[in-house]
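Numbered per our numbering, the sequence shown spans residues 252 to 432.
In this text, a Cβ means the ideal position worked out from N, Cα and C, and glycines have one as well.
Only a predicted model underlies this, so the values are computations on that prediction, with no experimental measurement involved.
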Amino acid sequence: MDEAVNMKLVPSPEKLVALIDEIVTSGWPDRDDDQADYLLRLGFHQGEGQEGFRKGYGYSPGPDSAADLGGELLSDGLAVTDASWSSYKGELFSIGFFVYDVRDSHDTGAVLGYRFIYSQLLARYGQPSDATVRPFDEATSYWEVDGTGIEMYCYTKPFPLLQLGFSHVSRNAAYEARLTE
Numbered sequence: 252m253d254e255a256v257n258m259k260l261v262p263s264p265e266k267l268v269a270l271i272d273e274i275v276t277s278g279w280p281d282r283d284d285d286q287a288d289y290l291l292r293l294g295f296h297q298g299e300g301q302e303g304f305r306k307g308y309g310y311s312p313g314p315d316s317a318a319d320l321g322g323e324l325l326s327d328g329l330a331v332t333d334a335s336w337s338s339y340k341g342e343l344f345s346i347g348f349f350v351y352d353v354r355d356s357h358d359t360g361a362v363l364g365y366r367f368i369y370s371q372l373l374a375r376y377g378q379p380s381d382a383t384v385r386p387f388d389e390a391t392s393y394w395e396v397d398g399t400g401i402e403m404y405c406y407t408k409p410f411p412l413l414q415l416g417f418s419h420v421s422r423n424a425a426y427e428a429r430l431t432e
């Protein structure tokens, strides 16, 4: 990646690729008690957790909605926005956040960051199982690696930003199946 571009992007795309590698290789915690330590190793700490976290996102609680827990993630070392985590029945299954959120419609950081990270993930993990490029450089991609789902979205309208999401594939599937019951 061009050094001038790299200096502009915070966090650097290389730092995000290293984080992705850590998530893929470190294994997801098996118990609620281990979540905080796991997230700290990744550079995050939990904000306030709350039952029914997804209620704010149009979530319709089922009979075991008390088993849902999620909340804000905070980071002193990564410039991220709207970071969150979700667990179901005490098992962490989702981490997500946005980067390069500068609220400037002319900024190209999100597109450049997406392209760099995509090329690195392609070299490490092969072709994504899903990849879509839309007009105006908007793009999505999804990899499944060793039981971890990696989702990446590049938005350009109304302003550019990059979204990264990670999931424990089988736990996420169990959670989503429960939502359709």
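So, with DSSP's three-state summary, where would you put residue i?
i: residue 410; result: coil
i: residue 381; result: strand
i: residue 353; result: coil
i: residue 298; result: strand
i: residue 359; result: coil
i: residue 364; result: helix
i: residue 260; result: coil
i: residue 326; result: coil
i: residue 372; result: helix
i: residue 320; result: strand
Sort out for me which residues DSSP pairs residue i with in a bridge.
i: residue 251; result: Given a span of 252 to 432 for the chain in the structure shown, any question on residue 251 remains unanswerable.
i: residue 404; result: 391 and 414
i: residue 343; result: 338
Just checking my contact of residue i with residue j at CB under 8 Å: how many whole Å lie between their CB atoms?
i: residue 390; j: residue 426; result: Actually they are not in contact, since the Cβ atoms of residue 390 and residue 426 sit about 26 Å apart, beyond 8 Å.
i: residue 348; j: residue 358; result: With 8 Å as the limit, residue 348 and residue 358 do not qualify as a contact, their Cβ atoms being about 18 Å apart.
i: residue 264; j: residue 368; result: 5 Å
i: residue 407; j: residue 388; result: 5 Å
If you follow the beta strand (DSSP E) that residue i is part of, which residue opens it and which one closes it?
i: residue 425; result: Here residue 425 belongs to no beta strand (DSSP E); instead the alpha helix (DSSP H) covers 420 to 430.
i: residue 333; result: 332 to 339
Could you tell me the boundaries of the alpha helix (DSSP H) in which residue i lies?
i: residue 272; result: 264 to 277
i: residue 282; result: Where residue 282 is concerned, there is no enclosing alpha helix (DSSP H), given that its DSSP letter is neither H nor E.
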